[in-house]
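Heads up: the structure comes next, in structure tokens.
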Amino acid sequence: MKNSAIAPSLMCADFTNIKQELATMQQCGIEYLHIDIMDGVFVPNITLSSAVVKQFRTHTTIPYDYHLMITNPEQKADMIDVKDGDLVSVHYESTPHVLKAVQAYKAKGAKVGVALNPATPINVLEYLLPEIDFVLIMTVNPGFAGQKMVESALDKIADTRKFLDKRGYKNMPIEVDGNVSNENAPKMRKSGADIFVAGTSSIYAKNTSLAQSIPDFRKLIN
Ligand code: DX5
Ligand code: ZN
């Protein structure tokens with residue numbers, strides 16, 4: 049099993065204190081910053097923009113993990129500030145040209161994954177596997193923080209791990225996103241998850257401090 053990694057979901061962050069939060073994440077060895085970009089069309093919400101999060105690069109060296117919840121992402125690659133080491137996931141459901149979308153972000157130097165909504169079958173990945181670096185399994189319907197994990201999530205993570213291993217992609221990581229709570233995370237880890245998007249039900253839970261909640265969470269997924 050690959051080493052686990054934590055990707056705090058910045059849409060859950062306290063932006064009035066973002067410099068301190070980024071410093072704490074750096075001190076805690078956070079591997080990626082999960083950046084949810086939503087266009088209000090693919091999902092009924094609008095959140096962060098690349099122009100805003102670009103400013104964070106002066107306060108942190110942590111790579112970005114862009115989660116693009118936008119229509120036709122293949123047409124918008126130039127709008128996203130990608131640096132070496134960044135991850136970009138494009139939603140299978142967001143374009144008829146998902147392979148073109150993968151290629152567009154690869155061309156910008158990112159490691160690229162395909163994100164699947166809860167109801168999307170894993171076998172849509174069949175002919176994408178040689179082109180992608182990871183799979184993002186949505187464990188809630190995308191668009192909002194604070195939701196509950198869907199019933200099928202744990203089985204789907206385990207089925208994805210089997211699907212990848214059977215095809216010779218044993219080292220391809222699985223990222224999970226949505227209600228990755230202190231209670232769900234160990235079950236997701238057991239099912240085969242490697243990269244954990246941490247939001248309101250774990251490191252950003254009420255009455256916690258990141259300096260404490262991040263190490264506590266890491267213990268749950270090792
Ligand atoms: C939802 C986003 C998630 C969300 C996670 O569409 O992709 O990253 O912020 O928030 P929680 O962990 O509260 O579900
Ligand atoms: Zn996300």
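Sequential numbering of the sequence shown, starting at 49, is according to this note's numbering.
The beta carbon of each residue, even a glycine, is placed where N, CA and C say it ideally should be.
Around the ligand ZN, the residues whose beta-carbon falls short of 5 Å from at least one of its heavy atoms are ASP84, HIS115 and ASP225, given in chain order. A distance below 8 Å between beta-carbons, with the five flanking residues on each side excluded, links ALA158 to the following residues of its chain, in chain order: TYR114, VAL130, ASP134, LEU135 and VAL136.
At a cut-off of 7 Å, the beta-carbon of PRO190 counts as near the ligand DX5: some heavy atom of the ligand is closer than that.
At least one heavy atom of the ligand DX5 lies less than 7 Å from the C-beta of ALA193.
Straight through space, the alpha carbons of PRO144 and GLN260 are spaced by roughly 43 Å.
With distances taken between CA atoms, VAL150 lies nearest to LYS124 out of LYS124, MET186 and LYS204. Annotation: the segment 109-170 contains the following complete segments of the beta strand (DSSP E) (minimum length 3 residues), in chain order: 112-117, 135-139 and 159-164. With respect to ASN165, MET197 sits apart: the two C-beta atoms are not nearer than 8 Å. If you draw a 10 Å sphere on the C-beta of GLU223, you find 16 or more other C-beta atoms in it, and that means buried.
For the pair PRO56 and LYS214, the Cα-to-Cα distance works out to about 30 Å. With respect to the C-alpha of GLN195, the residue from VAL228, ASP203, ASN171 and LEU202 having the closest C-alpha is VAL228. Cβ contact annotation for SER239 (same chain, cutoff 6 Å, sequence separation greater than five): LEU202, ILE205 and ALA206, in chain order. For THR119, the distance from the CB to the nearest heavy atom of the ligand DX5 is not below 7 Å. Cα atoms of ILE118 and SER142: separation of roughly 7 Å, rounded to the nearest angstrom.
Relative to the Cα of VAL183, the nearest Cα in the group ILE243, THR108 and ASN189 belongs to ILE243. Separation of the CB atoms of LEU96 and LEU70 is rounded to 14 Å, and the pair is thereby denied contact status at 8 Å.
For ARG237, the CB contacts under 6 Å within the same chain, skipping 5 residues up- and downstream, are ILE269 in chain order.
Between TYR80 and PRO111, the C-beta gap is smaller than 8 Å, which places the two residues in contact. Going by DSSP, VAL101 is part of the alpha helix (DSSP H) stretching over 98-102. Approximately 5 Å separates the beta-carbon atoms of VAL138 and LEU116; this is inside 8 Å, confirming the contact.
Exclusion of the five residues before and after GLY247 leaves SER57, CYS60 and ALA193 as the residues of its chain whose Cβ lies within less than 6 Å of its Cβ. Excluding the 5 residues flanking it on each side, VAL146 has same chain C-beta neighbours closer than 6 Å at TYR140, in chain order. At least one heavy atom of the ligand DX5 is found less than 7 Å from the C-beta of GLY247.
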